[in-house]
Amino acid sequence: MKNICLAFFLFTAFSLSYNDAMAQMAFSDPVDQVVEGGGGLAAVEADVDAGTIPIGSTAQVIVRFRNESGRPIEFRDINLYPSSTVSASVGVNQCSAEPLAGGAECAVIVAVKGLQPGAWRTEMLVRHTGRSRLVTARINGTVESGDTNVNTPTDLEVNPNPVDFGTLEASRPIIRSLTIRNITSNPIDIKDMFIDAPKQSGYNLRSDCTQLASGQACIASILWSPIIQGPSSGFLVIEHSGSSAVANIPLTGTFNPGESKQAEVFPASLPGKGVLVSSETEIDFEDGINAQSAITISLVNVGDNELTLNKIQLAGSENGLKILATGCQDGMVLSATEACPLTVSWAPTKVGSVIDDVQISHTGARGILVLPIRGTAAEAISVDSKPIIVSRDGLSGEASVSSSSINGTDGQPVLDGYVVTSHSSNHAIIKGPVGSRIVTDGKTTLIGGYEWRVHVTEEGVRLISGDTIVILVFDRSLNNMNGTTTSSRGTNGGVTPSSSASSSSSGGSQ
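Residue numbers (this note's numbering): 520 to 1029.
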């Protein structure tokens, strides 16, 4: 009986324990029932042999990881700790693309560059969401120098190296930029940077590189403005606090300028600049000029910005040429597509050709415009014989010179070109565009459609029409024509003409 009761008690206790255990497992996470191994994430190879890397070259090393747990694991970050003989960076990280499932593998590709000859290693520390939270791997190898004579380690990577400016044919400078990078694991101070080259080479350095942390880079610019023709060479020297202490980069280039071409009259259009052109490339009075003449041209700004006419002047003097003050003037501003008239007057002072130029300085492209002036005079026009207009002052009754051009009552020039060729005390011969005529003191004459009262004076002939008084001055040089000296006044009160005036009056008197 006792044995039966003991057996029943043991069976009841076992049943209760079994049922509790089964109930507990029914409500638990099934993933927790899988036993994790190795902390969840482990390196497939704890030590990866990368072999031999030539100095200055970069090798791609693959490091694999496996999820040895039953739950997905996410990669947080990867840190690399290379030795001083190499530089290392993560090239491709497949493990961070998505959570790594249980039993799956992923790969991380590490770029390793050889800096100094000798053995090297890189420690890799990976942080993840697995139970161990951390996993490590190690990459080993050897940096081998391709040149057995190279003993100087490389601290700075300069790209491009060397710097080749090529062949320069145009007369304008060339600029090249260089990237200077610290490829060591320690910071480097740039103590000095200069160019070692002859002065005629034309190299100029611009840089603000002072200190470079590990992997940091800066920019240096070299401007090449060659002075002499032919090949040019030099070195960019960098003194720094690294183990090698100095770095030098060769500089090369060839200056081979082309032949110079004759400059065009008008320059090519430039962005943001005014361009001054003329309606004529030459001011040509042609041949046979025997009276005062004038030619008007247009100065046009064909650029896309305004320009200012600084100064307009003639290159020569004492040849009878004159730039009239109307139209284009010094200091005038021409907007884009705007124009102004420029008038050049010529009263020849001698028989023969005139060779002169108009010089126009401005703020547009090229800054100067030169227009040639050409022509041939058949007769000389004396400045002293030019007409003078005099106006009456209604208050004082006095006369004052107001202009050197003669206008009628309607403002049109009617006595322009008239000169006195011969005169006496009571008579004079005046010559104009339509011929010559004899005028008498105190009489009236009709010239240019206006009636003029004549007064013969010692200086010439005074003509009065309304409020306008015009003085035609006698040219004394006519007395000495052909080497013959004659008096301007006869003893009998008649006209005593010069040789040239006699011939003109005989056929042209009205």
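Think of the CB as a built atom: it goes at the ideal place given N, C-alpha and C, for glycine as much as any other residue.
- Closest in C-alpha terms to S720, from the list T815, S779, W743, comes W743.
- The criterion of a C-beta distance shorter than 8 angstroms is satisfied by T827 and H881.
- In this structure, the alpha-carbon of C728 lies about 13 angstroms from that of V756.
- Cβ neighbours of L934 within its own chain (closer than 8 angstroms, five residues either side excluded): P906, I925, G951, I966, G967, L982, V989, L991.
- In the DSSP assignment, L619 is bridged to I592.
- F993 is bridged by DSSP to V939.
- Beta-bridge partners assigned by DSSP to Q613: none are found.
- Take the alpha-carbon of C614 and the one of S606: they are about 22 angstroms apart.
- Out of R691, I574, V567, the CA that lies nearest to the CA of I746 is found in R691.
- Of E805, R972, I693, the smallest CA-CA separation from D683 is found for I693.
- Rounded to the nearest whole angstrom, the CA to CA distance from S588 to G621 is 5 angstroms.
- Taking 8 angstroms as the cut-off, the Cβ atoms of S726 and A739 count as close.
- Under the three-state reduction of DSSP, Q579 is assigned to strand.
- For R646, the uninterrupted beta strand (DSSP E) segment begins and ends at 637-647.
- Rounded to whole angstroms, A638 and A766 show a C-alpha spacing of 24 angstroms.
- Rounded to the nearest whole angstrom, the CA to CA distance from G850 to Q811 is 28 angstroms.
- The three-state reading of DSSP puts S720 in helix, counting H, G and I together.
- Around F754, the same chain offers I714, D715, A716, N767, I768, P769, L770 as residues with beta carbons nearer than 8 angstroms, after the five sequence neighbours per side are excluded.
- Excluding its 5 nearest sequence neighbours in each direction, I879 has C-beta neighbours in its own chain below 6 angstroms: I831, L888, listed in chain order.
- Linking S798 to D876 through their CA atoms gives a straight-line distance of about 16 angstroms.
- Following the DSSP letters along the chain, one finds I709 inside the beta strand (DSSP E) bounded by residues 707-715.
- The Cβ atoms of V631 and A565 lie no closer than 8 angstroms to each other.
- Under DSSP, E837 takes part in no beta bridge, so it has no partner.
- The criterion of a C-beta distance shorter than 8 angstroms is satisfied by V654 and F584.
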